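Undergrad: Chains as they are written, first to last, in our numbering: chain A, 13 to 609; chain B, 13 to 609. We put the CB at the ideal spot given by N, CA and C, even for glycine. Since this is a predicted model, take the numbers as computed values, not measurements.
There are 2 protein chains.
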Amino acid sequence: MPTYKAPLKDIQFLLNDVYNADQHYQALGYSEVNRELVDAILTEGAKFAEQELDTCRAIGDEVGSKLVDGKVVTPPGFKEAYNAYCENGWAGMCFDEQYGGQGLPHSLGIVFHEMIFSANVGWCGIGTLTHGAIRAIDAHGNDDMKAFYLPRLVTGEWTGTMCLTESHAGSDVGLVKTKAEANDDGSFSITGTKIFITQGEHDFADNIIHLVLARLPGAPKGPKGISLFLVPKFIPNADGSLADRNAVVCSALEKKMGLKSSPTSVLNFDGAQGWLIGNEHAGLAAMFTMMNSARLDVGVEGLAATELSFQGALEYAKDRLQMRAPTGAAAPEKEADPIIVHPDVRRMLLTQKAFAEGGRALAYLLGLQLDVLAHGDAEQKKDAKDLVALLTPINKAFLTDRGLEAANLGVQVFGGHGYITEHGMEQIVRDVRISSLYEGTNGIQANDLVGRKLVANGGALLRKFLDRIQGFCDDNAGNADLAQFIQPLSKSIEQWWSLANVLMTNAKDDPNFLGAAAVDFLEYSGYVTYAYLWAQMALVAQTKLAAGEGELSFYDAKIKTAQFYYQRLLPRTHGLAVSMQAGADCVMSMDVDQFSF
Amino acid sequence: MPTYKAPLKDIQFLLNDVYNADQHYQALGYSEVNRELVDAILTEGAKFAEQELDTCRAIGDEVGSKLVDGKVVTPPGFKEAYNAYCENGWAGMCFDEQYGGQGLPHSLGIVFHEMIFSANVGWCGIGTLTHGAIRAIDAHGNDDMKAFYLPRLVTGEWTGTMCLTESHAGSDVGLVKTKAEANDDGSFSITGTKIFITQGEHDFADNIIHLVLARLPGAPKGPKGISLFLVPKFIPNADGSLADRNAVVCSALEKKMGLKSSPTSVLNFDGAQGWLIGNEHAGLAAMFTMMNSARLDVGVEGLAATELSFQGALEYAKDRLQMRAPTGAAAPEKEADPIIVHPDVRRMLLTQKAFAEGGRALAYLLGLQLDVLAHGDAEQKKDAKDLVALLTPINKAFLTDRGLEAANLGVQVFGGHGYITEHGMEQIVRDVRISSLYEGTNGIQANDLVGRKLVANGGALLRKFLDRIQGFCDDNAGNADLAQFIQPLSKSIEQWWSLANVLMTNAKDDPNFLGAAAVDFLEYSGYVTYAYLWAQMALVAQTKLAAGEGELSFYDAKIKTAQFYYQRLLPRTHGLAVSMQAGADCVMSMDVDQFSF
């Protein structure tokens with residue numbers, strides 16, 4: 013069973029050495045957010061993750077959440093952890109002080125999320141879904157709604173959900189059939205059944221605020237005819253006390269591959285009372301407010317699984333004795349060598365390590381852009397918005413797919429023991445598997461990337477990012493020690509742009525071309541983005557080593573991991589580049605009835 | 013829940029059109045094995061798989077095998093299926109008629125295994141492990157042992173196990189500590205604890221014959237000091253009736269990621285009475301007799317999962333309506349199009365299909381070699397032995413890794429629904445995950461490939477296989493329609509040989525080079541082997557189409573799938589070729605304490 017230890021040194025390396033977070037926070041007006049405060053937050057966050065959450069990850073999987081007489085019973089320790097989360101202010105960490113939050117930068121929220129996701133991702137839906145609800149109400153709700161609901165959600169007194177999916181309407185939210193009918197008092201009656209509702213019912217808090225997509229009478233068909241409603245589990249009185257139980261019930265919890273501690277609910281709305289959020293038929297925009305926030309978090313789930321599995325596999329590889337090193341006994345006093353001597357075991361560990369640290373660099377880069385979006389000037393905001401738009405689908409899909417790969421490598425390092433539940437490695441595979449599926453499957457992310465984020469703007473967003481990487485390459489062109497990274501990186505960004513143009517050109521003539529190439533293009537983009545971040549990290553490490561500053565072994569490891577990434581993982585782009593250019597014929601030419609006989 | 017339907021048309025295509033099995037069987041002296049008989053066996057085998065096994069796959073996962081008061085209770089339907097399996101002669105299908113078997117070719121056993129593994133892999137250990145025990149006794153036991161035990165094992169009256177692993181001795185079987193001490197009567201007392209024993213205890217049959225690796229007093233250290241013993245659960249009387257319960261008990265069943273219906277046992281031997289199989293200290297050779305048989309079967313598990321997941325995903329993709337085709341509504345009368353219109357969904361389905369049919373071609377090719385090994389002349393046997401030696405690790409590791417990939421794609425086609433247990437897609441992922449781990453992890457397979465199968469013979473085995481492929485390319489060099497396959501295939505085998513030489517050359521100077529490159533080399537080998545088989549299948553399909561023979565749409569689909577394979581999957585070799593040549597430095601240079609801080 014891996015015992016999670018927050019990778020504080022690596023987190024601090026990124027915040028302090030790579031991203032100069034101190035300056036970043038000061039420049040954005042977070043006057044109190046200095047290194048001392050950040051370190052204190054990290055230490056406390058790590059403690060919460062390690063002591064309150066890591067300790068109930070396995071039992072959460074074993075016991076699961078259960079529906080008993082219409083009420084959800086969460087696993088032992090889960091409610092206690094939630095109480096601690098609220099009491100210590102984690103619930104409102106990054107939200108406005110006027111609503112009872114701590115007003116801390118979003119980037120620190122991302123760091124905190126990485127830690128709690130690693131420790132116990134099944135527990136975490138309670139927080140992340142509530143955050144989505146807060147953001148949607150904040151962005152689209154009226155002043156009364158904000159004043160009443162946000163303080164209760166921000167403090168965690170009440171929790172929130174996102175009720176989008178129906179059994180026949182998943183990726184295609186335009187098919188939603190749940191009905192909303194106006195009542196005389198300005199409220200609406202909501203009727204329909206929603207599925208896959210994370211924390212749709214639970215025993216953590218007194219009230220649950222459901223944000224529900226539904227269709228008003230006469231609404232246009234498709235996604236432009238859906239509206240968003242706020243539907244409380246209990247109708248609150250004006251003073252916040254709870255009055256009537258609303259007509260929304262949890263009729264079942266889904267049995268799932270993993271994430272068993274998280275109650276994934278079927279919710280029946282039977283004329284439940286709700287209130288419109290924002291304008292009629294404008295639910296899609298509100299949904300994307302929740303969704304974009306959630307997508308970033310889901311990418312972090314992939315990173316968190318990678319880190320946890322790496323930690324578990326590393327400990328095992330140092331302990332487990334099997335066979336001798338190819339170069340002769342490394343531990344002749346023992347009956348066999350620890351398996352970390354074997355090149356293939358190291359290949360697996362280094363793959364996990366390179367993905368974890370590369371993924372962390374990407375997720376935190378995005379987190380810092382969220383700070384800019386909140387507090388930067390107009391030009392900074394524009395740049396941040398562009399970067400977030402481009403990188404969000406990459407971050408979501410690439411980190412989660414790498415998370416699945418890394419978690420499977422973790423099992424593989426354990427050999428047959430990895431398959432056994434008590435070692436905790438297979439749970440990571442099962443828990444992370446959902447992250448490639450929810451909040452838009454990774455195929456949807458890839459289509460978003462090649463469609464809205466590439467073709468729709470003629471490649472402008474990508475070009476802007478490539479210029480940034482090109483600038484980095486130019487700045488370091490004379491650095492001989494860095495040439496091992498800068499040269500392949502330069503080639504990669506050239507090829508990336510050329511591939512983007514292949515896609516954009518072909519998209520004009522063949523509407524299927526983009527879809528056929530989308531996933532390969534996203535993967536390609538992910539590998540090159542990591543290459544950029546690894547080169548940046550290597551440069552910082554090189555500088556520190558040259559200056560003899562800090563823990564030199566740490567910086568040396570950074571450079572070695574960067575080398576491994578460039579030599580062993582970045583080459584995957586070669587195949588992707590060929591494959592994505594194959595065109596749509598080879599996927600479209602087969603008739604439906606030719607798939608099987 | 014995917015309902016399994018045996019892919020008889022594809023099986024017959026391979027046997028009849030590609031491999032000319034009829035001629036093959038006749039030439040080897042299987043005089044009664046003609047197409048009519050084969051078709052009858054396939055039809056009955058499919059019926060058994062579909063009616064007895066497919067029907068209890070889900071319940072097997074849900075209920076699992078349980079240890080109750082020291083006895084294993086298997087899930088509903090499992091024992092009934094076992095009875096039918098024995099009564100209908102499947103148990104002894106490919107074993108000698110003198111022992112009560114059917115004497116059918118091993119290749120047909122592989123086909124039958126594919127079907128039952130797809131239908132319910134958790135059930136199948138009872139057969140495959142018994143087969144391993146039969147082979148080991150047959151190859152290494154004395155005549156009395158064979159005469160007494162084989163008829164009872166071949167008919168399925170009793171079952172067998174392979175007891176190799178101990179908690180500290182997995183991949184490194186030389187660390188086995190279980191003790192064997194000679195008794196006065198020529199038998200031995202076996203003491204120790206074995207883990208991960210598939211079907212180590214069950215309620216299917218009256219007696220279980222454990223084949224146990226143990227160490228005699230004064231035996232040499234390591235793998236050359238282990239001996240193999242036959243340890244029955246009940247000591248049989250001379251007439252086969254059961255006398256004393258032997259001192260071997262199942263103390264626990266493992267909780268696992270999947271394969272929950274299969275009782276994976278911890279077995280405690282406490283001075284259990286056993287008999288030596290073969291010579292003292294010669295247990296390793298006997299173990300490999302079991303292991304090689306099992307490895308081929310485990311590869312087939314990967315194929316079987318690929319097929320099952322493909323079938324489930326295909327049905328869903330034809331039914332599920334979400335969004336419109338990129339080219340405009342394909343089913344305007346419906347509220348949305350079936351998702352099979354989307355290029356990325358087709359990419360996933362075609363990947364599954366190409367892996368299933370390519371994997372089938374490889375597994376059956378190997379199956380046919382087993383027939384030759386049993387009945388060919390000396391030269392044929394030598395060729396078959398060489399091919400089996402080379403392809404066994406590729407078949408085991410590549411088919412299982414592709415099985416995991418395909419099963420995950422099947423989940424992905426279902427979107428969020430794929431994560432829900434009732435749809436049965438996630439079970440396939442969990443069930444197939446073990447196949448990359450047991451009977452030698454896929455890393456062990458890769459090391460076997462680059463070590464024993466490549467370097468140890470100076471590349472002779474590989475060169476022989478490449479010459480065969482080169483011959484195929486030469487024979488078809490003038491076939492313009494086939495050039496789309498022959499040209500890239502020719503390049504690939506040239507590169508394969510060149511990479512093999514890079515490995516062999518570097519292995520001399522750097523003992524770590526091989527291990528660092530092993531998995532990439534195996535993957536590379538797998539992709540090119542499939543390319544060869546896909547080109548062969550495309551040639552047959554082309555010939556049939558030209559002749560207007562048979563179901564033309566089927567042959568057209570073969571060519572289209574081959575095109576997809578060559579354009580979208582074979583390119584993965586580009587990255588692997590670069591990555592495997594990176595050398596060992598990038599995996600070995602990091603100190604153990606630099607992996608984490």
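Look up Gln-285 (chain A) in the DSSP assignment and say whether it is helix, strand or coil.
TA: Translated into the one-based positions of the first sequence, residue 285 (chain A) becomes position 273. Correct three-state label for Gln-285 (chain A): strand.
Undergrad: What span of residues does the alpha helix (DSSP H) with Gly-455 (chain B) cover, start to end?
TA: Residue numbering aside, residue 455 (chain B) sits at position 443 when the second sequence is read from its first letter. Where Gly-455 (chain B) is concerned, the enclosing alpha helix (DSSP H) stretches over 454-462.
Undergrad: What is the C-beta distance between Thr-585 (chain A) and Ser-504 (chain A), in whole angstroms, given that I count them as a contact (C-beta under 8 Å)?
TA: Your numbering for residue 585 (chain A) matches position 573 in the first sequence. Your numbering for residue 504 (chain A) matches position 492 in the first sequence. Yes, Thr-585 (chain A) and Ser-504 (chain A) are in contact; Cβ-Cβ is about 6 Å, under 8 Å.
Undergrad: Could you say which of A:Leu-515, A:Gly-212, A:Val-552 lies nearest to Val-590 (chain A) if we only look at CA atoms?
TA: Working through the first sequence from its first residue, we reach residue 590 (chain A) at position 578. Of the candidates A:Leu-515, A:Gly-212, A:Val-552, the one whose C-alpha sits nearest the C-alpha of Val-590 (chain A) is A:Leu-515.
Undergrad: Can you give the beta carbon distance from Asp-465 (chain B) to Ala-401 (chain B), rounded, assuming they're within the 8 Å contact cut?
TA: Position 453 of the second sequence holds residue 465 (chain B). Position 389 of the second sequence holds residue 401 (chain B). A small correction: the amino acid at residue 465 (chain B) is Lys; Asp does not occupy that position in the sequence shown. Their Cβ separation, rounded to whole angstroms, is 6 Å, which keeps Lys-465 (chain B) and Ala-401 (chain B) in contact under 8 Å.
Undergrad: Starting from the Cα of Val-353 (chain B), find the closest Cα among A:Ala-96, A:Val-604, A:Ile-149 and give me that residue.
TA: Here the question's residue 353 (chain B) lines up with position 341 in the second sequence. Residue A:Val-604 is the option with its Cα nearest to Val-353 (chain B).
Undergrad: Answer yes or no: do Lys-397 (chain A) and Leu-385 (chain A) have a C-beta to C-beta separation smaller than 8 Å?
TA: Along the first sequence, read from residue 1 onward, the residue named residue 397 (chain A) stands at position 385. Along the first sequence, read from residue 1 onward, the residue named residue 385 (chain A) stands at position 373. Yes, the Cβ-Cβ distance between Lys-397 (chain A) and Leu-385 (chain A) is below 8 Å.
Undergrad: Give me, in chain order, the residues of the same chain whose beta-carbon lies closer than 8 Å to that of Thr-453 (chain B); leave out the 5 immediate sequence neighbours on both sides.
TA: Here the question's residue 453 (chain B) lines up with position 441 in the second sequence. Cβ within range, chain order: Ser-183.
Undergrad: Which residue wins for smallest C-alpha separation from Met-105 (chain A), given the options A:Phe-497, A:Gly-121, A:Asp-443?
TA: Counting from 1 along the first sequence, the entry for residue 105 (chain A) is found at position 93. Closest by alpha carbon: A:Gly-121.
Undergrad: Using a C-beta to C-beta distance shorter than 7 Å, which residues of chain A count as neighbours of Tyr-542 (chain B)?
TA: Translated into positions along the second sequence, residue 542 (chain B) becomes position 530. Going along chain A, no residue has its Cβ under 7 Å from Tyr-542 (chain B), so there is no contact; the nearest lies around 14 Å.
Undergrad: Report back the beta-carbon spacing between Asn-132 (chain A) and Leu-65 (chain A) to the nearest angstrom; my notes put them in contact at under 8 Å.
TA: If you number the first sequence from 1, residue 132 (chain A) lands on position 120. If you number the first sequence from 1, residue 65 (chain A) lands on position 53. 4 Å between Cβ atoms; contact.
Undergrad: What in chain B is Cβ-close to Tyr-328 (chain A), meaning under 8 Å?
TA: Position 316 of the first sequence holds residue 328 (chain A). Ordered by position in chain B, no residue passes the 8 Å Cβ test against Tyr-328 (chain A), which lies about 12 Å from the chain.
Undergrad: In terms of residues, what are the limits of the beta strand (DSSP E) holding Gly-179 (chain B)?
TA: In the second sequence, counting from the first residue as 1, residue 179 (chain B) sits at position 167. As written in the sequence, residue 179 (chain B) is Ser, which differs from the Gly given in the question. Run containing Ser-179 (chain B): none; DSSP gives neither H nor E here.
Undergrad: CB of Asp-479 (chain B) to nearest heavy atom of the ligand ATP: below 7 Å?
TA: This structure simply doesn't include the ligand ATP, nor any ligand for that matter.
Undergrad: Opposite His-222 (chain A) in the DSSP bridges: which residues?
TA: Here the question's residue 222 (chain A) lines up with position 210 in the first sequence. Answer is A:Thr-173, A:Val-243.
Undergrad: Does Gly-371 (chain B) come within less than 8 Å of chain A when only Cβ atoms are used?
TA: Within the second sequence, residue 371 (chain B) is the residue found at index 359, counting from 1. Not an interface residue.
Undergrad: With 8 Å as the threshold, decide whether the Cβ of Ser-273 (chain A) is near any Cβ in chain B.
TA: Along the first sequence, read from residue 1 onward, the residue named residue 273 (chain A) stands at position 261. Not one chain B Cβ lies under 8 Å of Ser-273 (chain A).
Undergrad: If the cut-off is 9 Å on Cβ atoms, which residues from the stretch 556-570 of chain B count as contacting chain A, listed in chain order?
TA: For the stretch 556-570 of chain B, which is checked against every Cβ of chain A, the residues closer than 9 Å are Glu-563, Ser-565, Phe-566, Asp-568, Ala-569.
Undergrad: Output the residue ranges of the alpha helix (DSSP H) runs that lie fully inside the stretch 403-482 of chain B and measure 4 residues or longer, sorted by chain position.
TA: Runs of the alpha helix (DSSP H) inside the stretch 403-482 of chain B: 437-445, 454-462.
Undergrad: Flag this pair as touching only if the stretch 252-263 of chain A and the stretch 276-288 of chain A have three or more C-beta atom pairs under 8 Å; answer yes or no.
TA: Contact between the stretch 252-263 of chain A and the stretch 276-288 of chain A is present, because at least three Cβ pairs lie under 8 Å.
Undergrad: Closer than 8 Å is the cut-off here; do at least three beta carbon pairs connect the stretch 47-61 of chain A with the stretch 85-104 of chain A?
TA: Yes, they touch.
Undergrad: With 16 other CB atoms within 10 Å as the buried threshold, where does Gln-229 (chain A) fall?
TA: Position 217 of the first sequence, counted from the start, is the residue given in the question as residue 229 (chain A). Looking at the sequence itself, residue 229 (chain A) is Pro, so the reference to Gln does not match. Pro-229 (chain A) is exposed by the Cβ-count criterion.
Undergrad: Does the beta carbon of Glu-313 (chain A) come closer than 8 Å to any beta carbon on chain B?
TA: Reading the first sequence from its first residue, position 301 is the one you call residue 313 (chain A). So, not an interface residue.
Undergrad: What's the gap between the Cα of His-429 (chain A) and the Cα of Gly-324 (chain A)?
TA: For the purposes of this step, residue 429 (chain A) is taken as the residue at position 417 of the first sequence. For the purposes of this step, residue 324 (chain A) is taken as the residue at position 312 of the first sequence. Each residue's Cα considered, the two are about 12 Å apart.
Undergrad: Tell me which same chain residues have a C-beta within less than 7 Å of the C-beta of Asp-4 (chain B), skipping the five on either side of it?
TA: Because chain B spans 13 through 609 in this model, residue 4 (chain B) falls outside it and cannot be assessed.
Undergrad: Leu-385 (chain B) touches chain A at which residues, Cβ-Cβ below 7 Å?
TA: In the second sequence, counting from the first residue as 1, residue 385 (chain B) sits at position 373. By Cβ distance, chain A contributes nothing, its closest Cβ being about 29 Å from Leu-385 (chain B), past 7 Å.
Undergrad: My assumption, with CB atoms under 8 Å, is that Gln-211 (chain B) sits in contact with Pro-275 (chain B). Please give the rounded CB distance.
TA: In the second sequence, the residue the question calls residue 211 (chain B) occupies position 199. In the second sequence, the residue the question calls residue 275 (chain B) occupies position 263. That pair is a contact at about 6 Å.
Undergrad: Output the boundary residues of the beta strand (DSSP E) element that contains Val-85 (chain B).
TA: Position 73 of the second sequence, counted from the first residue, corresponds to residue 85 (chain B). First-last of the beta strand (DSSP E) with Val-85 (chain B): 83-85.
Undergrad: Rounding to the nearest angstrom, what Cα-Cα distance links Leu-581 (chain A) and Tyr-539 (chain A) in this structure?
TA: Within the first sequence, residue 581 (chain A) is the residue found at index 569, counting from 1. Within the first sequence, residue 539 (chain A) is the residue found at index 527, counting from 1. Computed Cα separation, rounded: 8 Å.
Undergrad: What residues in the stretch 511-524 of chain A bring their beta carbon closer than 7 Å to a beta carbon of chain B?
TA: Hits within the stretch, in order: Pro-523, Asn-524.
Undergrad: Which of the three DSSP states, helix, strand or coil, is assigned to Arg-332 (chain B)?
TA: As a working mapping, residue 332 (chain B) is identified with position 320 in the second sequence. Residue state, collapsed to three classes: coil.
Undergrad: Considering only C-alpha positions, which residue in the set B:Asn-46, B:Gly-436, B:Asn-304 is nearest to Arg-147 (chain B)?
TA: Stepping through the second sequence from its first residue, residue 147 (chain B) is reached at position 135. Comparing Cα-Cα distances from Arg-147 (chain B) to each of B:Asn-46, B:Gly-436, B:Asn-304, the minimum goes to B:Asn-304.
Undergrad: Let me see if you follow: with CB-CB separation under 8 Å, is Glu-126 (chain A) close to chain B or not?
TA: Indexing the first sequence from 1 puts residue 126 (chain A) at position 114. No, Glu-126 (chain A) does not count as interfacial toward chain B.
Undergrad: Could you have a look at Phe-607 (chain B) and say whether DSSP puts it in helix, strand or coil?
TA: Here the question's residue 607 (chain B) lines up with position 595 in the second sequence. Correct three-state label for Phe-607 (chain B): coil.
Undergrad: Exposed or buried, which one is Phe-367 (chain B) when buried takes at least 16 other CB atoms within 10 Å?
TA: Taking the second sequence and counting its residues from 1, the one referred to as residue 367 (chain B) is at position 355. Buried: at least 16 other Cβ atoms inside 10 Å.
Undergrad: Run the CB neighbour count on Phe-216 (chain A), radius 10 Å, all protein chains shown included, and call it buried at 16 or more, exposed below.
TA: For the purposes of this step, residue 216 (chain A) is taken as the residue at position 204 of the first sequence. Phe-216 (chain A) is buried by the Cβ-count criterion.
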